[in-house]
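First the structure, in the form of structure tokens, and then the observations on it.
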């Protein structure tokens with residue numbers, strides 16, 4: 021008897037990562053709806069791996085089911101984003117405060133982190149990354165490195181979950197906004213404060229930096245998201261809409 025477990029898992033993984041990427045690249049927008057059947061048809065798989073992929077996306081906080089096998093990209097919920105940014109601020113500022121020992125010095129791990137991030141961010145203006153998508157990855161790595169250096173695995177895991185859930189907002193900010201130089205300048209200031217052993221200043225700068233990103237959430241509108249999708253994929257075909265019972 022042929023074992024199909026591995027191939028089914030591979031198909032589910034393919035669907036999961038493809039839909040996840042479509043959400044992050046704004047080919048799918050908050051509120052867009054689909055069915056397990058339309059997903060299965062789009063990726064040439066059966067409903068089982070399609071359902072498994074959608075359930076994983078639901079666990080990630082990116083999709084949600086509604087009725088009769090229907091699914092939708094989680095709509096914009098301003099309260100939810102506010103809560104996520106509050107959680108992010110708590111995690112990051114606490115982690116940065118943990119970088120300093122009781123004597124106010126930095127650990128070897130923290131110093132290595134600073135050196136690595138310094139080489140990436142403290143560069144001449146002409147060498148700054150201008151591609152928004154590339155900068156999103158660098159920005160996420162910056163914030164995750166600050167938390168990782170604190171040495172608390174649970175905080176790092178929580179930070180990763182928050183990062184996944186706010187990625188859409190950060191992409192809109194960095195890819196379609198005008199804050200690349202501000203991001204560089206603020207990151208450099210945070211790193212300098214840490215290197216100067218100015219713990220209070222580092223925490224304050226980091227908190228202000230996160231608060232600025234949080235404010236961008238309030239500028240999100242369906243129209244702005246639609247413009248972003250059009251600019252990103254002007255000729256992309258939308259996902260098949262859900263079919264109502266009785267029309268199959």
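In our numbering, the protein residues as written are 21 to 268. Yeah, the Cβ is synthetic: ideal placement off N, Cα and C, and Gly gets one too. These figures come from a predicted structure and were not determined experimentally.
Tell me which residues share the same chain as residue i and place their Cβ nearer than 6 Å to its Cβ, disregarding the 5 neighbours each side in the sequence.
| i | result |
| --- | --- |
| residue 194 | 152, 155, 156 |
| residue 189 | 237 |
| residue 59 | 70 |
| residue 74 | 83, 91 |
| residue 48 | 42, 93 |
| residue 148 | 204 |
| residue 264 | Unreliable positioning characterises residue 264 in this predicted model, as indicated by a pLDDT of 40, which lies under 50. The coordinate reading is nonetheless provided below. Correct list: empty, nothing qualifies. |
For residue i, which residues from the same chain have a beta carbon less than 7 Å from its beta carbon, with the 5 sequence-adjacent residues on both sides left out?
| i | result |
| --- | --- |
| residue 275 | Residue 275 is absent from the structure shown; the chain starts at 21 and stops at 268. |
| residue 40 | 77, 82 |
| residue 130 | 119, 169 |
| residue 215 | 134 |
| residue 229 | 206, 210 |
| residue 138 | 211 |
| residue 150 | 200 |
| residue 122 | none |
Return the chain-ordered list of same chain residues with a C-beta closer than 8 Å to the C-beta of residue i, the five sequence neighbours on each side being excluded.
| i | result |
| --- | --- |
| residue 87 | none |
| residue 175 | 111, 114, 115, 167 |
| residue 217 | 120, 124, 125, 126 |
| residue 44 | 187, 188, 191 |
Residue i to residue j, Cα distance in whole Å?
| i | j | result |
| --- | --- | --- |
| residue 90 | residue 104 | 26 Å |
| residue 61 | residue 53 | 15 Å |
| residue 221 | residue 118 | 14 Å |
| residue 135 | residue 179 | 22 Å |
| residue 115 | residue 170 | 5 Å |
| residue 38 | residue 198 | 28 Å |
| residue 210 | residue 97 | 30 Å |
| residue 85 | residue 207 | 38 Å |
| residue 132 | residue 55 | 47 Å |
| residue 78 | residue 101 | 16 Å |
| residue 63 | residue 57 | 10 Å |
| residue 232 | residue 50 | 22 Å |
| residue 158 | residue 67 | 36 Å |
| residue 212 | residue 72 | 45 Å |
| residue 202 | residue 160 | 15 Å |
| residue 234 | residue 200 | 16 Å |
| residue 142 | residue 80 | 33 Å |
| residue 177 | residue 109 | 15 Å |
| residue 95 | residue 106 | 19 Å |
| residue 163 | residue 140 | 13 Å |
| residue 144 | residue 65 | 49 Å |
| residue 128 | residue 146 | 31 Å |
| residue 239 | residue 99 | 13 Å |
| residue 172 | residue 165 | 12 Å |
Can you name the start and end residues of the alpha helix (DSSP H) that residue i belongs to?
| i | result |
| --- | --- |
| residue 85 | Premise fails: residue 85 lies in the beta strand (DSSP E), 83-85, not in any alpha helix (DSSP H). |
| residue 134 | 128-141 |
Complete alpha helix (DSSP H) runs within the stretch 152-222 (minimum length 4 residues, chain order): Note on the stretch 152-222: whole alpha helix (DSSP H) runs with a minimum of 4 residues are 152-168, 173-195, 200-215, in chain order.
Determine contact between the stretch 223-230 and the stretch 180-187, defined as no fewer than three beta-carbon pairs at a distance below 8 Å. At 8 Å Cβ cutoff, the stretches do not touch.
Can you give, in chain order, each stretch of the alpha helix (DSSP H) that sits fully within the stretch 56-124 and has at least 4 residues? List check, alpha helix (DSSP H) in window: 56-63, 67-79, 98-117.
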